[in-house]
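A short worksheet on the structure shown next.
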Amino acid sequence: MSIVYRPLEQKREEIRLLDLEAANELDDPLCGTLRHVELKGAHFSALSYVWGDPDNDRSNIVIKYERSAREYLASKLPGKSRQTYVHSIGSSLARALRHLRQKYGRITIWTDALCINQDPLDVRKEKDWQVPLMKSIYSQAKEVHAWLGPRYDEEAGSVRSINAAFDVADKTWALSERLMGSPDRLPEESWLEVCFYLASTQRLSNQTQPAWTEFSIALRQATMSDRSLHSELSSMRTLSQNAYFSRMWILQEMGRARTSTFHFGPKHTSHRRIFLALSLANSLRDTHTNPQNGPISRFDHRFLGCLTARTMCMQKRSLLDVLGGAYFNDPPLHQASNPRDIIYARLGLAEMSGGIRVEYALSVADVYTDASRFLLSEGFLEILVTFRPYNFRKSVMDEGFPSWAYDWSKKGSNKFAKYTASGSTSQRVAIASYPHAKYKHALIMSGTSIGNVRATMERFSATVLASGLHERTVKVGNLRAVSEEYSPEKKKIIVETIAHAYLQLGIHISNMDIETLFEPRSLPLASFWSWWVHWIASLVSLIDDAEAQEPGVRSTSINLAELLFREGPGALNSTSNFKRFGTKAGMLALVDYQRWTTLLGRESDRYGPDDSTISQFAESLFRSAWGMRPAILHGGLLGYVPEDTRPQDDVVIFFGVKAPLVIRKVARDAYSIIGPAHICGAMQGELIHAALSSSEYKII
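Quick look at the structure:
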């Protein structure tokens with residue numbers, strides 16, 4: 001019989017606590033008492049864990065639900081002061097509770113699955129005000145117990161590895177004590193700095209605290225010298241990949257905790273020891289700088305989110321800082337079973353979170369729209385230049401989702417945030433009622449049009465697939481995303497494609513040169529070259545057509561080099577190279593396989609036949625075009641625009657927005673954002689000046 005929850009008093013900030021009874025044996029039945037208390041002044045610990053599979057390996061807990069003295073006396077028919085329930089819980093929670101009572105005996109603990117009414121049909125909507133209260137619950141708990149497992153279906157090898165990781169954490173701590181003294185004496189903020197500098201794979205130097213840099217270097221060297229410890233570091237990879245660290249809610253739970261203890265079965269250790277060891281392993285995971293460390297490759301860095309969360313909480317950061325920082329996080333991202341919690345779980349990290357309300361009855365789209373409205377109203381316009389050319393995963397949004405809102409359920413690229421196309425202008429956005437839009441709101445912004453799209457070239461994805469590269473290569477924009485062997489049939493098609501593209505350019509190439517492209521390399525160079533020659537040939541054709549239709553147009557070919565090299569190394573991405581390869585002859589040199597490594601001029605020796613350098617260069621050219629299609633605007637401006645762009649779409653520089661946006665008229669007085677664009681000669685504010693006329697746009 002499931003628990004029939006009695007209402008909590010919101011004004012008194014009541015919570016429920018579980019008094020878990022002790023037991024002689026691990027497998028003894030779980031028993032406890034559930035009671036209501038005011039959060040202020042309550043004494044308890046809190047549990048942080050992964051809910052796990054809701055359907056398999058469930059357990060029962062016998063719950064005595066205690067009425068408060070006030071409830072008992074106020075009842076007309078008092079009867080018993082307790083009601084007993086046999087309540088079903090998931091295996092992860094059951095295992096955590098069993099091990100906690102074995103270690104601590106009788107314990108008073110708060111756990112969301114039992115202490116909050118999780119019924120989605122709860123008419124009192126208790127969850128809507130208890131979830132924001134979790135910030136205070138985890139802050140007030142005397143200790144947070146982080147349960148890592150093992151799961152009911154955990155493989156034996158994984159169990160051994162994580163047990164070993166706990167031992168590594170203790171050994172790393174002992175090693176750090178010899179180097180630093182007692183790390184326990186460090187203030188929490190200083191300890192967090194130590195972990196961040198230790199975790200860095202870039203070997204950063206801390207000028208304000210050189211001791212942290214010295215300690216990080218010494219600890220790495222001592223670990224590499226300790227054969228026993230170094231050989232055990234591979235276990236940290238398994239620990240980093242534990243499902244616990246992928247969970248969104250741990251950011252608040254770890255961020256707000258006074259102190260926390262990690263548990264894996266009977267093993268346990270402090271959060272400081274676990275995170276110090278994970279930080280050390282993270283810094284040694286790069287197999288290029290440390291070839292001996294192959295065993296800890298594929299390391300998951302999401303544990304760093306806990307350190308960031310603790311730092312934010314200690315520094316009392318604003319909600320704008322919290323959500324803005326989350327926008328720039330690199331994948332893999334933390335996950336939540338309820339997509340609303342991607343926002344709600346972060347609210348507790350902010351010192352004040354009044355800008356967004358918690359309301360689980362809202363649709364996911366409404367929650368994300370609320371978060372976007374908050375960010376835009378605070379001047380965080382980066383979400384408008386989010387680049388999502390392809391769907392990495394299925395979105396939870398529908399077609400009516402506002403084009404100005406950020407879909408937090410799937411990560412986009414923020415590569416356009418590095419530009420300053422709007423110069424020093426600023427934007428005061430407004431969200432206005434717009435009854436014709438599905439979500440009834442429009443974003444009102446000011447900007448200036450720099451031209452309509454006159455002509456476009458082929459889509460990047462179409463040219464890549466035609467060159468023989470795998471579909472996944474298109475989606476992730478990485479030439480090495482899929483490793484495929486060239487079958488005789490595929491090789492023949494690629495050779496013919498390359499020869500045809502060179503014929504279009506009027507260049508002779510021998511079969512011998514084409515054959516060298518199939519030599520074993522770390523990337524599919526033949527397929528890349530097939531795409532690259534096709535891409536250049538199409539660009540040359542586009543420019544020839546533009547200059548024929550509009551004589552006297554400004555030199556678009558010089559701008560072309562800016563597009564081709566926009567994701568290239570710094571030495572490539574220079575004005576001199578733009579001029580050098582901006583001519584038609586210069587562009588043709590870009591497809592001369594024998595000479596293309598001279599692109600860096602004086603730096604060319606660094607870009608010789610070495611496979612890794614060729615790979616990096618090829619990747620940069622590929623990534624520069626990823627998700628785009630070349631286009632020419634009326635007036636002769638050349639640029640890369642999103643693949644979905646059509647002729648007559650408008651390109652606008654909105655004040656305060658870092659990249660031009662392609663917009664499309666979808667109603668008499670409203671537009672939809674297609675995506676950010678790279679327009680040559682506009683990305684550093686060159687087209688913005690004081691006398692510029694502007695228009696107001698309504699975006700839905």
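All residue numbers for the sequence shown refer to UniProt numbering, where the first residue is 1 and numbers rise by one.
The beta-carbon is built from N, C-alpha and C at its ideal position, and this holds for glycine as well.
**Prompt:** Taking just the CA atoms, how far does residue 478 sit from residue 521?
**Reply:** One C-alpha to the other measures close to 15 angstroms.
**Asked** Between which two residues does the alpha helix (DSSP H) containing residue 765 stretch?
**Response** Within the shown structure, residues of the chain are numbered from 1 to 700, placing residue 765 beyond reach of any answer.
**Request:** Consult DSSP for residue 665 and reduce its assignment to one of helix, strand or coil.
**Result:** Residue 665 falls in the strand class under three-state DSSP.
**Asked** Is it the case that the Cβ atoms of residue 694 and residue 448 are separated by a distance below 7 angstroms?
**Response** Yes, the Cβ-Cβ distance between residue 694 and residue 448 is below 7 angstroms.
**Message:** Please return the same chain residues whose Cβ sits closer than 7 angstroms to the Cβ of residue 224, not counting the five positions on each side in sequence.
**Reply:** 230.
**Message:** So residue 409 and residue 339 are supposed to be a Cβ contact under 8 angstroms. How far apart are they, rounded?
**Reply:** Yes, they are in contact, since the Cβ atoms of residue 409 and residue 339 sit about 5 angstroms apart, within 8 angstroms.
**Request:** Give, in chain order, every unbroken run of the beta strand (DSSP E) that is at least 3 residues long and sits entirely within the region 425-494.
**Result:** Inside the region 425-494, DSSP marks whole beta strand (DSSP E) runs of 3 or more residues at positions 430-433 and 441-456, from first to last along the chain.
**Asked** By DSSP, does residue 6 sit in helix, in strand, or in coil?
**Response** The answer is coil: DSSP assigns residue 6 none of H, G, I, E or B.
**Asked** Secondary structure at residue 509, three-state DSSP: helix, strand or coil?
**Response** Residue state, collapsed to three classes: coil.
**Prompt:** In angstroms, rounded to a whole number, what distance separates the CA positions of residue 209 and residue 659?
**Reply:** When rounded, the distance between both Cα atoms is 37 angstroms.
**Asked** Taking Cβ to Cβ, would you say residue 343 is nearer than 7 angstroms to residue 371?
**Response** Going by beta carbons, residue 343 and residue 371 fall inside the 7 angstroms limit.
**Item:** Identity of the residue in 585, 562 and 569 nearest residue 575 by Cα
**Value:** Taking only the C-alpha atoms, the option nearest residue 575 is 562.
**Message:** Let me check understanding here. Comparing Cα to Cα, which of 318, 171 and 345 lies closest to residue 247?
**Reply:** For residue 247, the closest alpha carbon among the candidates 318, 171 and 345 is that of 345.
**Message:** Please report the distance separating the alpha-carbon of residue 424 from that of residue 689.
**Reply:** Here the C-alpha atom of residue 424 lies approximately 9 angstroms from the C-alpha atom of residue 689.
**Asked** Whose CA, out of 617, 1, 699 and 404, lies closest to the CA of residue 703?
**Response** As shown, the chain starts at 1 and ends at 700. That puts residue 703 outside it, with no answer to give.
**Message:** Extract the residue ranges of the alpha helix (DSSP H) inside the region 339-424, only unbroken runs of 4 or more that lie entirely within it.
**Reply:** With a minimum length of 4 residues, the continuous alpha helix (DSSP H) runs that stay inside the region 339-424 are 341-347 and 364-377.
**Asked** In its own chain, which residues sit with a C-beta less than 6 angstroms from the C-beta of residue 606, not counting the 5 before and 5 after it?
**Response** Low per-residue confidence applies at residue 606: pLDDT is 45, beneath 50, and the placement is therefore not dependable, though the value from the model is reported in the following sentence. Around residue 606, the same chain offers no residue with a beta carbon nearer than 6 angstroms, after the five sequence neighbours per side are excluded.
**Message:** Given a cut-off of 7 angstroms on the beta-carbon distance, is the pair residue 4 and residue 17 in contact?
**Reply:** Going by C-beta atoms, residue 4 is not nearer than 7 angstroms to residue 17.
**Asked** Taking the alpha carbon of residue 133 as the point to measure from, which residue in 459, 499, 439 and 11 has its own alpha carbon closest?
**Response** The shortest Cα separation from residue 133 among 459, 499, 439 and 11 belongs to 11.
**Message:** By the DSSP assignment, the beta strand (DSSP E) with residue 261 in it spans what residues?
**Reply:** Residue 261: member of the beta strand (DSSP E) spanning 260-264, first to last residue.
**Message:** Please state the DSSP three-state secondary structure of residue 165.
**Reply:** Correct three-state label for residue 165: helix.
**Asked** Per the contact definition of three or more C-beta pairs closer than 8 angstroms, is the region 44-58 in contact with the region 121-129?
**Response** Note that the region 121-129 does not touch the region 44-58; fewer than 3 beta-carbon pairs, one per stretch, sit closer than 8 angstroms.
**Request:** Alpha carbon to alpha carbon, how far is residue 108 from residue 148? Give it in angstroms, no decimals.
**Result:** In this structure, the alpha-carbon of residue 148 lies about 20 angstroms from that of residue 108.
**Prompt:** Where does residue 317 sit, in a helix, a strand or coil, going by DSSP?
**Reply:** Three-state DSSP puts residue 317 in coil, outside helix and strand.
**Residue burial classification, residue 332 (beta-carbon count within 10 angstroms, cutoff 16)** = By the beta-carbon neighbour count (other beta carbons within 10 angstroms, threshold 16), residue 332 is exposed.
**Asked** Which residues in the same chain have their Cβ closer than 8 angstroms to the Cβ of residue 599, if we skip the five residues on either side of it in sequence?
**Response** With a pLDDT of 48 at residue 599, under the threshold of 50, the modelled position of that residue is not reliable, and the figure given next carries that caveat. Correct list, in chain order: 572, 577, 581, 590, 607 and 617.
**Request:** Note down the Cα distance separating residue 380 from residue 413, rounded to an integer number of angstroms.
**Result:** Just so you know, the alpha carbons of residue 380 and residue 413 end up roughly 16 angstroms apart.
**Item:** Span separating the alpha-carbon of residue 284 from that of residue 277
**Value:** Near 11 angstroms, if we compare the C-alpha coordinates of residue 277 and residue 284.
**Same chain, Cβ closer than 7 angstroms to residue 189, five either side skipped, listed in chain order** = Taken in chain order, the residues that qualify are 314.
**Request:** Compare the C-beta of residue 213 against all C-beta atoms of chain C and say whether one is closer than 7 angstroms.
**Result:** The structure shown contains no chain C; it holds only a single protein chain.
**Prompt:** So residue 327 and residue 383 are in contact, right, with Cβ under 8 angstroms, and what is the actual spacing, rounded?
**Reply:** Sure, about 6 angstroms apart at Cβ, within 8 angstroms.
**Request:** For residue 172, name the three-state secondary structure that DSSP assigns.
**Result:** For residue 172, the three-state secondary structure derived from DSSP is helix.
**Asked** Any chance the region 192-199 sits against the region 211-228, with 3 or more Cβ pairs inside 8 angstroms?
**Response** Three or more beta-carbon pairs separated by less than 8 angstroms link the region 192-199 to the region 211-228, which places the two stretches in contact.
**Request:** Please name the residue, chosen from 669, 656, 592 and 280, that lies closest to residue 502 on a Cα-to-Cα basis.
**Result:** Looking at 669, 656, 592 and 280, the one whose alpha-carbon comes closest to that of residue 502 is 592.
**Asked** If we ignore side chains and look at the alpha-carbon of each, how far apart do residue 686 and residue 301 end up?
**Response** Distance between the alpha carbons of residue 686 and residue 301 is about 39 angstroms.
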